[in-house]
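These notes concern the structure reproduced below.
Protein chains: 2
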Amino acid sequence: MRVLGVDPGLTRCGVGVVEGVAGRPLAMLGVGVVRTPADGELGQRLVAVERGIEAWLDEYEPERVAVERVFSQHNVRTVMGTAQASAVAVLCASRRGIPVALHTPSEVKAAVTGSGRADKAQVGAMVTRLLRLAAPPKPADAADALALAICHIWRAPATHRLQQAQAAARAARAPRPASGGTSVRKVTP
Amino acid sequence: MRVLGVDPGLTRCGVGVVEGVAGRPLAMLGVGVVRTPADGELGQRLVAVERGIEAWLDEYEPERVAVERVFSQHNVRTVMGTAQASAVAVLCASRRGIPVALHTPSEVKAAVTGSGRADKAQVGAMVTRLLRLAAPPKPADAADALALAICHIWRAPATHRLQQAQAAARAARAPRPASGGTSVRKVTP
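Protein chains in written order, with numbering that gives the first Met the number 0: chain A, 0 to 188; chain B, 0 to 188.
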């Protein structure tokens, strides 16, 4: 399984591609950061994040995309940018029909270090070891993106079963028209 | 000036198109709501919002898009959806090169009712009067989208001067390469 991990952010959006299956050694295919200028105009920054994510999807053709789930207990300003960058990443993947999974920071930490409260250094060290790298990827956003991809590969069997159950529950609860779940109501004067 | 106002939301995204200039009677060209199922998968909802916004941009070809600026003092869950839907709206407009303005809820209320603390009913009543409609647009998200567009048209002269000053300040502070403000750093193993 090939997974693109995305640690969303407007200033630095970490991206990392990992290939492998649970229980076998994993391989890193690429890691990097999509950056946009902190003083840039919001729309231009979102377009730049979209272009960056699209380029990674084009080059690596991942089967799954794992994005960090955004919480709002952080700094208000940061969380907005994170939510907006994550929306762009999820949108890019979903537009191509690539399944997207969201993992919380503590799920990711627990998956790669065994503790949901691990610090950045521990996550970096374990990513380095698990992917047999010469040094921890820098900046931390890049290492976090790889950790997300690893987390997804290891949790995939359980996640997949959960998603199937949720989809079945949704289908049973409310049958939707074949045209999809959107309706646009419009009134003209 | 033709403006598309967007009151962002994942479940209900209000959209309204208003044409006119400050100091002259305004005309509503269209109003509606892009809806996605509350129990839908995030990626599919974002794709649906994108399709909805794109359809409105295609049909009305606005010169400006005005989006409500998201704050996080609301409910945590709601604010994430609002931030994500707003990112999609801003992205769609910016991709086409349409300038986007963000207005706070109190700026919008103050513009159309004279008070930044006006309630939904007052906003709806003023939108109805200003656009000479037979009845207030429903739901409130649709009326809010029209209020955003009206606010933008009335504030446009001041906003335009401010944006020019900010762009000039940015250009003076940090000259950027001609290729644009994004850099993608990539490391391959």
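Idealized CB from N, CA, C, for every residue including glycine. Computed from a predicted model, the values in this text were never measured in an experiment.
Could you compute how far the alpha carbon of residue i sits from the alpha carbon of residue j?
i                : j                : result
Gln165 (chain B) : Glu49 (chain B)  : 29 Å
Arg154 (chain B) : Ala21 (chain B)  : 8 Å
Cys91 (chain A)  : Ile52 (chain B)  : 16 Å
Tyr59 (chain A)  : Gln163 (chain B) : 40 Å
Asp118 (chain B) : Pro138 (chain A) : 46 Å
Leu172 (chain B) : Gly39 (chain A)  : Correcting the residue identity first, residue 172 (chain B) is Arg in this sequence and not Leu. Cα to Cα, the separation comes out at about 12 Å.
Ala134 (chain A) : Arg128 (chain A) : 9 Å
Val183 (chain B) : Ala47 (chain A)  : With a pLDDT of only 44 at Val183 (chain B), under 50, the local geometry of the prediction cannot be trusted, and no value is derived from it.
Gly8 (chain B)   : Pro24 (chain A)  : 42 Å
Pro104 (chain A) : Val107 (chain B) : 36 Å
Leu161 (chain B) : Ala54 (chain A)  : 34 Å
Ala120 (chain A) : Ala157 (chain B) : 48 Å
Leu132 (chain A) : Ala167 (chain A) : 41 Å
Arg169 (chain B) : Cys150 (chain A) : 40 Å
Check whether chain C comes within 7 Å of residue i, counting only Cβ atoms and requiring the distance to be less than that.
i               : result
Val46 (chain B) : Annotation note: the requested chain C is absent from the structure, which comprises protein chains A and B.
Verify whether the separation of the beta carbon atoms of residue i and residue j is less than 7 Å.
i               : j               : result
Val66 (chain B) : Ile97 (chain B) : no
Val78 (chain B) : Gly42 (chain A) : no
Leu56 (chain A) : Val87 (chain A) : no
With a CB to CB cut of under 6 Å and the five nearest residues on each side skipped, what residues in its chain are close to residue i?
i                : result
Thr10 (chain B)  : Ala37
Val69 (chain A)  : Thr81, Ala82, Ser85
Gly13 (chain A)  : Asp6, Val32, Asp140, Ala141, Asp143, Ala144
Val186 (chain A) : The predicted position of Val186 (chain A) is uncertain, since its pLDDT is 46 and thus under 50; a value taken from the coordinates is nonetheless stated next. Here the set comprises nothing.
Ser178 (chain A) : The predicted position of Ser178 (chain A) is uncertain, since its pLDDT is 43 and thus under 50; a value taken from the coordinates is nonetheless stated next. Closer than 6 Å at Cβ, skipping near neighbours: no residue.
Residues in the same chain with beta-carbon distance under 7 Å from residue i, minus the five sequence neighbours each way, listed in chain order, please.
i                : result
Leu145 (chain A) : Gly4, Gly15, Val17, Met27, Val30, Val126, Leu130, Pro136
Arg34 (chain B)  : Thr10, Arg11
Ala148 (chain B) : Val2, Leu3, Gly4, Gly15, Val16, Val17, Ala65
Leu101 (chain A) : Val66, Arg68
Can you give me the Cβ contacts of residue i inside the same chain, cut-off strictly under 8 Å, excluding the 5 residues immediately before and after it?
i               : result
Met0 (chain A)  : Glu18, Gly19, Val20, Glu62, Arg63, Ile152, Ala155
Ser93 (chain A) : Val99
Arg95 (chain A) : Leu56
So, under 8 Å CB-CB, residue i and residue j are touching, yes? Tell me the CB distance rounded to an integer number of Å.
i                : j                : result
Thr112 (chain B) : Val99 (chain B)  : Going by Cβ atoms, the distance from Thr112 (chain B) to Val99 (chain B) rounds to 24 Å, so no, they are not a contact pair.
Ala124 (chain A) : Gly115 (chain A) : Rounded, the Cβ-Cβ distance is 16 Å, inconsistent with contact.
Should residue i be flagged as near chain A, meaning a C-beta pair shorter than 7 Å?
i                : result
Val99 (chain B)  : yes
Val107 (chain B) : no
Leu41 (chain B)  : yes
Asp57 (chain B)  : no
Gln121 (chain B) : no
Ala86 (chain B)  : yes
Using a beta-carbon distance below 7 Å, is residue i in contact with chain B?
i                : result
Ala142 (chain A) : no
Met79 (chain A)  : yes
Val89 (chain A)  : yes
Gly8 (chain A)   : no
Ala171 (chain A) : no
Arg94 (chain A)  : yes
Gln83 (chain A)  : yes
Asp38 (chain A)  : yes
Arg1 (chain A)   : no
Lys185 (chain A) : Any reading at Lys185 (chain A) is ruled out, since the residue's pLDDT is 48, under 50, leaving its predicted position unreliable.
Can we count residue i as close to the ligand ADP, meaning its CB is less than 6 Å from some heavy atom?
i               : result
Ala88 (chain B) : Although the ligand ADP was asked about, the structure shown includes no ligands whatsoever.
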